[in-house]
Structures are given as structure tokens and as C-alpha cells.
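Take the sequence shown: its letters are residues 1 to 713, numbered as in full-length UniProt numbering. Cβ atoms here follow ideal geometry from the backbone N, Cα and C, with glycine treated the same way. As the structure is a prediction and not an experimental result, all values here were calculated from the model.
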Amino acid sequence: MTDSTKTLCPYCGVGCGLEVLPPAQPGKPINRDSAGTPIWQVRGDRAHPSSQGMVCVKGATIAESLNKDRLLYPMLRDTLTQPFRRITWEEAFDCIVQRMQTVRYTQGPEAICMYGSGQFQTEDYYTAQKLLKGCLGTNNFDANSRLCMSSAVSGYIQSFGADGPPCCYDDLELADCAFLIGTNTAECHPIIFNRLRKYHKQNRHVKMIVVDPRETATAQAADLHLAIRPGTDIDLMNGMAHLLMRWGHFDVSFIDECTANFPAFAQVMQDYTPEMTAQRCGIAVEDLETAARYWGESERVLSLWSMGVNQSSEGTAKVRTLINLHLMTGQIGKPGAGPFSLTGQPNAMGGREAGGLAHLLPGYRVVQNPQHRAELEQFWGLKPGQISPHPGRTAWEMITGLEQGDVGVLWIAATNPAVSMPDLERTKAALKRSPFTIYQDAYFPTETAEYAHLLLPAAQWGEKTGVMTNSERRVTLCQAFRDRPGEAKADWEIFAEVGRRLGFAQQFAFTTSAEVYAEFAQVTRDRPCEMTGLSHERLRVKGPAQWPCRDSGQVKPGEPARLYQELRFHTPDGRARFGAYHSRGLAERPDPEYPLVLTTGRLYGHWHTQTRTGRIEKTRQMHPNPFLEIHPRDASELGLQDKDWVEVRSRRGLARFPVTVTKAIAPGTVFVPMHWGFLWADQAEANALTHPECCPDSKQPELKACAVQLVPI
Ligand code: SF4
Numbered sequence: 001m002t003d004s005t006k007t008l009c010p011y012c013g014v015g016c017g018l019e020v021l022p023p024a025q026p027g028k029p030i031n032r033d034s035a036g037t038p039i040w041q042v043r044g045d046r047a048h049p050s051s052q053g054m055v056c057v058k059g060a061t062i063a064e065s066l067n068k069d070r071l072l073y074p075m076l077r078d079t080l081t082q083p084f085r086r087i088t089w090e091e092a093f094d095c096i097v098q099r100m101q102t103v104r105y106t107q108g109p110e111a112i113c114m115y116g117s118g119q120f121q122t123e124d125y126y127t128a129q130k131l132l133k134g135c136l137g138t139n140n141f142d143a144n145s146r147l148c149m150s151s152a153v154s155g156y157i158q159s160f161g162a163d164g165p166p167c168c169y170d171d172l173e174l175a176d177c178a179f180l181i182g183t184n185t186a187e188c189h190p191i192i193f194n195r196l197r198k199y200h201k202q203n204r205h206v207k208m209i210v211v212d213p214r215e216t217a218t219a220q221a222a223d224l225h226l227a228i229r230p231g232t233d234i235d236l237m238n239g240m241a242h243l244l245m246r247w248g249h250f251d252v253s254f255i256d257e258c259t260a261n262f263p264a265f266a267q268v269m270q271d272y273t274p275e276m277t278a279q280r281c282g283i284a285v286e287d288l289e290t291a292a293r294y295w296g297e298s299e300r301v302l303s304l305w306s307m308g309v310n311q312s313s314e315g316t317a318k319v320r321t322l323i324n325l326h327l328m329t330g331q332i333g334k335p336g337a338g339p340f341s342l343t344g345q346p347n348a349m350g351g352r353e354a355g356g357l358a359h360l361l362p363g364y365r366v367v368q369n370p371q372h373r374a375e376l377e378q379f380w381g382l383k384p385g386q387i388s389p390h391p392g393r394t395a396w397e398m399i400t401g402l403e404q405g406d407v408g409v410l411w412i413a414a415t416n417p418a419v420s421m422p423d424l425e426r427t428k429a430a431l432k433r434s435p436f437t438i439y440q441d442a443y444f445p446t447e448t449a450e451y452a453h454l455l456l457p458a459a460q461w462g463e464k465t466g467v468m469t470n471s472e473r474r475v476t477l478c479q480a481f482r483d484r485p486g487e488a489k490a491d492w493e494i495f496a497e498v499g500r501r502l503g504f505a506q507q508f509a510f511t512t513s514a515e516v517y518a519e520f521a522q523v524t525r526d527r528p529c530e531m532t533g534l535s536h537e538r539l540r541v542k543g544p545a546q547w548p549c550r551d552s553g554q555v556k557p558g559e560p561a562r563l564y565q566e567l568r569f570h571t572p573d574g575r576a577r578f579g580a581y582h583s584r585g586l587a588e589r590p591d592p593e594y595p596l597v598l599t600t601g602r603l604y605g606h607w608h609t610q611t612r613t614g615r616i617e618k619t620r621q622m623h624p625n626p627f628l629e630i631h632p633r634d635a636s637e638l639g640l641q642d643k644d645w646v647e648v649r650s651r652r653g654l655a656r657f658p659v660t661v662t663k664a665i666a667p668g669t670v671f672v673p674m675h676w677g678f679l680w681a682d683q684a685e686a687n688a689l690t691h692p693e694c695c696p697d698s699k700q701p702e703l704k705a706c707a708v709q710l711v712p713i
């Protein structure tokens with residue numbers, strides 16, 4: 001059999017198209033993994049517009065993860081100290097329904113929480129929203145995207161009146177200046193970076209600025225690397241705005257006709273003189289001026305950002321300050337320009353569309369808008385007032401809810417919070433207190449399974465058909481190509497069955513994921529993310545498509561590739577909003593007791609908590625061990641040499657690493673990767689050290705920085 005199946009890479013938000021072929025092909029040896037097991041062949045899909053056949057090592061090796069350590073059957077235990085015992089799905093559903101009904105009627109629906117994932121397909125997300133927010137009447141659905149890009153969501157909403165990256169990947173090859181801040185794109189979004197670097201190399205006039213405390217692979221390719229002190233992003237951008245204003249590099253007519261609140265912003269930026277800004281950021285005045293000059297003298301400026309901006313206690317303010325630069329210079333709504341958030345996960349964008357955060361509802365609606373709630377209540381056939389007007393618990397608020405005894409059922413799906421949450425000692429202690437935790441995942445063991453009472457086996461990539469949206473708003477149908485192992489079910493099937501057994505047969509009458517998607521598409525009608533023109537069949541036949549995609553065929557100028565080319569935004573008056581922010585800096589600053597700033601990040605070959613990449617020989621060998629990067633000056637003061645071990649202590653916990661002494665990290669800052677949980681290494685959890693202080697708007701924790709001390713061991 002030679003037929004290939006088209007799908008999407010299930011790792012990062014670049015969303016590269018893949019083609020998958022069976023292990024056996026006529027006239028060729030059977031494709032096998034390093035252990036000799038036959039595995040499916042994976043190659044880039046040349047016809048996919050986002051990636052044009054390119055893949056990185058993670059996408060190329062994904063098939064090897066399908067057969068390893070799969071969770072095959074539902075399993076149950078009464079207490080966390082007992083071993084799991086296999087049960088049937090019938091018993092599992094009875095158990096879930098009985099638990100949920102008991103909690104609903106004794107503690108109320110607000111005691112039920114679900115923590116989902118950017119690994120969900122849109123159908124999984126949508127069904128979960130309908131179950132929790134609609135039928136059960138609690139908005140306690142949040143996703144690991146809260147830890148990833150919720151600051152980008154709130155920044156876009158506050159500045160433009162709606163979420164949604166306005167740019168597309170073709171803008172990478174149309175910009176005159178690329179401003180990358182808080183993103184190690186070369187390692188975390190490699191195919192996007194390859195496109196940008198190739199274009200940058202071939203076009204000498206194109207400038208690339210990288211803002212990062214580390215000299216990452218991304219920074220090494222830049223014309224200008226600004227190694228600012230952690231937490232000074234807003235200072236830097238306000239300082240650039242000050243210079244752009246002083247030099248007359250601003251677009252008066254755009255500011256006048258398309259924006260509001262400029263005077264308040266102008267007042268703030270007056271304070272950010274070059275000398276003061278450079279001193280705060282720890283950079284040279286000349287470098288600040290060069291950055292402002294590159295931006296001001298470029299016809300088209302594209303900015304890219306990811307976790308370095310979002311994972312901050314002032315994440316929304318950082319996003320809006322970056323958007324301010326675009327607004328004051330008119331760098332939006334045209335090819336090659338705009339503020340472009342790079343999403344971390346493969347379907348974090350689909351989650352946003354389906355309302356998969358505790359303050360959102362499907363179709364780019366928000367919980368606190370009465371009209372939005374009423375529209376969905378009517379659409380879902382629910383009584384008026386069924387949807388709660390209160391935003392639900394965010395990721396960290398679920399942990400504090402467990403601490404306070406306010407959570408009766410915690411349902412975790414397709415994510416591994418026992419590694420990825422901040423302040424892990426506190427997180428794990430809270431998880432231990434959970435009266436009943438359902439953990440739905442494709443793999444076993446995982447760190448989070450240690451804290452579960454009921455395990456549900458989930459079908460994953462290649463085993464269920466559904467839709468994902470990548471960073472450029474491009475929707476791809478991910479088609480199943482292999483049998484599900486054991487008794488695994490698709491996430492949406494599990495949610496729908498629970499819904500039916502809770503008495504909502506009419507709401508969950510779906511028999512296929514295509515039906516779920518068809519209903520979801522209707523929910524987006526007349527919304528900014530409208531995709532009524534899309535269906536599984538349309539995506540299968542015609543291939544991936546960007547939204548907006550309306551069944552009316554109506555398109556505005558520039559759509560669907562770019563938003564806002566009409567220079568009208570989704571605010572009531574159609575104007576984008578400047579946000580005026582002074583920097584507050586890090587939530588936890590270094591002091592004599594904890595004198596260094598720890599920053600965390602990702603490595604090229606690994607994905608999140610290694611649930612997949614730790615089980616793939618090639619990616620595991622690329623990054624076999626955790627490590628800590630330290631500048632030679634700091635290493636010398638501590639008497640440390642390369643490969644010596646240190647104990648890293650914060651106010652919350654400790655971890656141990658061998659050190660890598662390198663000038664790639666600035667003095668005063670140390671770096672560790674976040675991929676290692678206790679399954680993969682002993683005491684090397686980056687998040688044992690981090691704190692849960694959140695951005696007040698996005699509720700995204702500051703996973704990127706905390707104060708630590710180092711003790712040689
Ligand atoms: Fe997959 Fe991202 Fe690599 Fe593309 S860049 S192959 S989406 S991990």
C-alpha cells in the first residue's frame with residue numbers, strides 16, 4: 001500500500017503539514033524504529049502552504065512515539081497509594097458520572113474543573129466547552145495554553161478588540177525589519193525561523209533584531225542582539241518609542257484615523273530617555289538607537305514573540321507595548337508588517353477559537369458578555385442563564401482551589417501539570433489533596449498519572465480525525481491513519497459520552513468528529529474567526545485554509561491572509577487602542593540571599609515534558625541530560641568549572657544540574673531547560689524553582705524568571 005495520509009505535525013504552533021505512509025512500501029525495506037519495530041513513515045507535505053514540505057527533527061521522528069508506553073485501558077484506584085486496577089469503559093463512565101453528580105449536588109458545579117491542552121483537536125475543545133460551560137454551568141475549563149500564550153490573547157483583545165494574529169507566514173519574506181523579542185524561534189519554531197533566516201541572508205537590506213537575555217541560536221543570526229536584563233522588555237520598547245517620536249518616525253494620519261489613547265501613551269514614553277532606558281536594560285545607548293533606527297527606517301516591520309514575552313507577571317502589558325510600536329508607526333494591516341504572536345502548541349489557536357480558556361466561550365466570545373452567553377445558550381438548546389457569568393478557574397486557580405478544598409473533581413486531559421506548572425512542590429501537594437482526579441492521556445506512566453485516581457486512555461495523533469489551527473490562522477484536517485491501541489477513545493468521544501450520561505443526549509448527539517466540527521463552524525458565524533465556509537470534507541478535498549472563511553464567500557481586503565487591511569479594528573469605534581504602561585519589572589527580583597535570575601526555556605529536539613520526545617531515540621540522544629548555563633564571571637565567583645554540579649535553590653524548592661559555563665548567558669542570569677520531570681531525571685525540575693505570580697489580565701504565570709542562589713556540590 002502506498003497511499004499517504006495528510007495531516008499536521010502535532011508538536012508546535014508552526015503547524016507543518018505532514019504526509020504519513022505505512023511502514024511497508026512495495027520494493028522497499030520495512031520502515032523500523034531504532035528498536036526494530038515497524039513504524040509509519042513521515043515526511044513533509046510539499047502541498048501544505050504553511051511549511052511547503054519542511055519539517056524539523058520533532059516532526060520527522062514523531063511516528064516513533066506512537067507505540068511506546070501507551071495507556072491502553074481505563075484504570076482505577078481509590079487512593080493514590082494503591083495500585084491501579086483495570087476496569088471497563090462502562091465502569092469508568094459510571095464512576096465519572098456518579099462522582100460528577102455527587103459533586104454537582106453537594107458542592108455545586110463550580111467544584112468541577114477540567115484542565116485541557118493545546119494538543120486537543122478543535123472538536124475535543126468544543127465538546128469540552130459545551131459540556132462544562134454549557135451543560136454543567138461552570139466555566140472551570142482552562143488549558144495549558146494559559147501557561148503559553150494567554151498574554152497574547154489578552155493583548156490582542158485589549159488593543160484590537162478581538163484575538164487573532166493579524167499576520168501570515170508569507171510576511172516573513174516581505175518584511176524589511178524583523179523584531180524578535182522573547183522568542184528563541186530557531187529552536188522553538190524552527191521552520192518559521194528557517195524561512196526568515198533564508199530571506200534575511202538573501203536580502204542584505206533586511207534587518208533582524210533579537211531581544212533575549214541569552215545569545216540563542218536565534219540571536220546568533222541577528223544583525224543586532226539586545227541582551228537585555230530579564231524583565232526590562234517594556235523599558236526597552238518604551239525607549240524605542242521615545243526615540244521614534246524624537247526622530248519623527250511616526251505615522252500621524254494612522255494615529256489620528258485608526259487609533260485611540262495615543263496621548264496617554266505619549267506621556268509615558270516621554271520618561272524613557274535613551275540613557276535611562278539603556279541603563280535599566282543593561283545595554284549600550286548605541287544599540288538602543290540602532291534598534292529604533294532599524295524599526296523607524298523600515299517600510300515594513302514584522303515583530304515575532306512567544307514565551308519570553310507572554311510568561312510574565314506583566315505579559316499583557318508587554319504585548320500591548322509591542323503593539324504600541326506598530327500602531328505609532330502604522331506597521332499593521334499591510335504585507336510584511338504586524339505584531340505576530342507565535343503560538344507554542346499545535347492547536348492553541350483552535351483552543352482560542354473554541355473558547356478553551358476559563359474566560360472565553362466558543363467563537364471568540366467572552367464569558368462576561370451577556371449577549372455572547374445568550375447566543376450560545378440559544379444555540380446549544382439550554383435555558384437562559386445556564387452559562388455562568390463568572391470566568392472560571394484558571395490553571396493556577398485550580399491548584400489554589402484544591403488547596404482550599406473547593407474542587408471536588410479535577411479532570412486533566414492531554415497535559416502534564418506535575419512538570420509544567422510553577423512552584424511544583426506546592427502543585428504536587430495540591431494534586432495530592434484532590435478528592436478525585438481523572439487523568440486522560442495517551443501515555444503511561446507520566447508524572448501526573450502519579451496523582452490520578454482514574455486513568456482514561458486517549459487516542460492521539462494519527463488515531464482520530466479532527467482539525468487544528470496553526471499560528472497563521474490556517475486550519476488543517478488531521479486525518480486518522482492507524483488503529484487505536486487497546487481501548488483508547490478520542491477525547492471528544494469521552495466528553496460527549498459523559499454528557500449523554502449526565503442527561504444531555506440532545507446536546508451530544510454527535511456520531512462523528514465531522515459532525516462536531518460542522519456544529520462548531522456554525523457557532524463562529526459573524527464572529528471575527530468565522531469559519532462557516534469550512535468543513536472536514538472541504539478541508540479534505542481542497543486542503544488547509546485560513547480563516548476568516550465565510551460560507552457567504554464574503555472577504556474583506558487582504559483576507560484571509562491578513563487581518564485589518566481595511567484599518568478597522570474590532571473595537572466599538574473601529575480604532576485600535578494604545579496601552580500606556582510603565583514597567584514593573586520582575587515579580588521576584590534578585591537580592592543578596594537569592595542573587596541570580598533564573599530563566600527557563602526549551603531545546604530544539606524536545607517538546608514540553610518529554611512525554612513523546614523522551615521516548616524517541618533520536619531526540620533523546622540530542623539532549624540526553626538537563627544542564628544549567630552560567631556566565632564565566634558568575635561561575636568564577638562560585639568556583640565553578642564546566643560540568644561541575646550545583647544545587648539551585650529558590651524560595652520554593654531546589655534542583656541540581658551540571659553547569660555549562662558560557663558567555664551565551666548574561667552575567668547575573670542563569671538558564672535551565674524546562675523539559676525534565678521526575679520520570680526523566682532526578683531533581684532537575686525547572687519548575688521546582690519558579691513561582692506562580694501571574695499577569696493580572698491574562699493570569700499567565702511568570703514561568704520565565706525567578707530569583708535563585710547556587711551552591712556548588
Ligand atoms: Fe512540527 Fe513545529 Fe517542527 Fe514544524 S517546526 S515539524 S510543527 S515541531
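Can you tell me which residues form a DSSP beta bridge with residue i?
i, result
"W411", "M114, I438"
"I181", "V211, W305"
"E629", "T660, F671"
"R85", "L76"
"P701", "C694"
"P498", "The identity of residue 498 in the sequence shown is Val, whereas the question assumes Pro. Paired residues: none, contrary to the question."
With 16 other CB atoms within 10 Å as the buried threshold, where does residue i fall?
i, result
"G533", "buried"
"residue 732", "Residue 732 cannot be examined here, being either before or after the span of the chain that is shown, 1 to 713."
"Y517", "buried"
"N139", "buried"
"I713", "exposed"
"S154", "buried"
"D163", "buried"
"W645", "exposed"
"D591", "exposed"
"W411", "buried"
"K542", "exposed"
"M1", "Only weak support is given to the placement of M1: the predicted model assigns it a pLDDT of 45, under 50, and the value that follows is read from those uncertain coordinates. So M1 ends up on the exposed side."
"S145", "buried"
"Y105", "exposed"
"P166", "buried"
"residue 715", "Here the chain has residues from 1 to 713 only, and residue 715 is not among them."
"K6", "buried"
Less than 8 angstroms between the CB atoms is what I'm expecting for residue i and residue j, so what's the real figure, rounded?
i, j, result
"A128", "F141", "6 angstroms"
"G668", "D634", "7 angstroms"
"P74", "P457", "7 angstroms"
"L710", "L638", "6 angstroms"
"residue 715", "V475", "The requested residue 715 is not part of the displayed model; the chain covers only 1 to 713."
"E187", "T232", "The Cβ separation is near 23 angstroms, so there is no contact."
"A354", "A666", "That belief does not hold up - the Cβ atoms of A354 and A666 are roughly 40 angstroms apart, past 8 angstroms."
"I62", "S583", "The pair is not a contact, with the Cβ atoms about 40 angstroms apart (cut-off 8 angstroms)."
"G17", "D45", "3 angstroms"
"E588", "C694", "That pair is no contact at about 13 angstroms."
"E487", "W89", "6 angstroms"
"G574", "Q565", "With 8 angstroms as the limit, G574 and Q565 do not qualify as a contact, their Cβ atoms being about 13 angstroms apart."
With a threshold of 6 angstroms, establish whether the CB of residue i neighbours any heavy atom of the ligand PLP.
i, result
"S471", "This structure lacks the ligand PLP; its bound ligands are the ligand SF4."
Are the C-beta of residue i and some C-beta of chain D separated by less than 7 angstroms?
i, result
"R214", "In the structure shown, chain D cannot be found, because there is only a single protein chain."
Starting from the N-terminal end, write out each residue whose C-beta falls within a distance shorter than 5 angstroms of any non-hydrogen atom of the ligand SF4.
C9, Y11, C12, V14, C16, V55, C56, K58, G59, P190, I191
Considering only residues of the region 633-678, which uninterrupted beta strand (DSSP E) runs meet the minimum length of 3 residues and lie entirely inside it, listed in chain order?
Fully enclosed beta strand (DSSP E) runs of no fewer than 3 residues occupy 645-649, 654-661, 669-673 of the region 633-678, in order along the chain.
In chain order, which alpha helix (DSSP H) runs of at least 4 residues are fully inside the region 505-582?
513-523, 536-542
For a minimum of 4 consecutive residues, which ranges assigned as the alpha helix (DSSP H) are wholly contained in the region 308-389?
315-329, 348-353, 370-379
Could I get the ranges of all uninterrupted beta strand (DSSP E) runs contained in the UniProt domain "4Fe-4S Mo/W bis-MGD-type" (2-70), with 3 residues as the minimum, in chain order?
5-8, 17-21, 41-44
Please give the ranges of any beta strand (DSSP E) in the region 204-290, keeping only runs that are unbroken, at least 3 residues long and fully inside the region.
Runs found: 207-211, 224-226.
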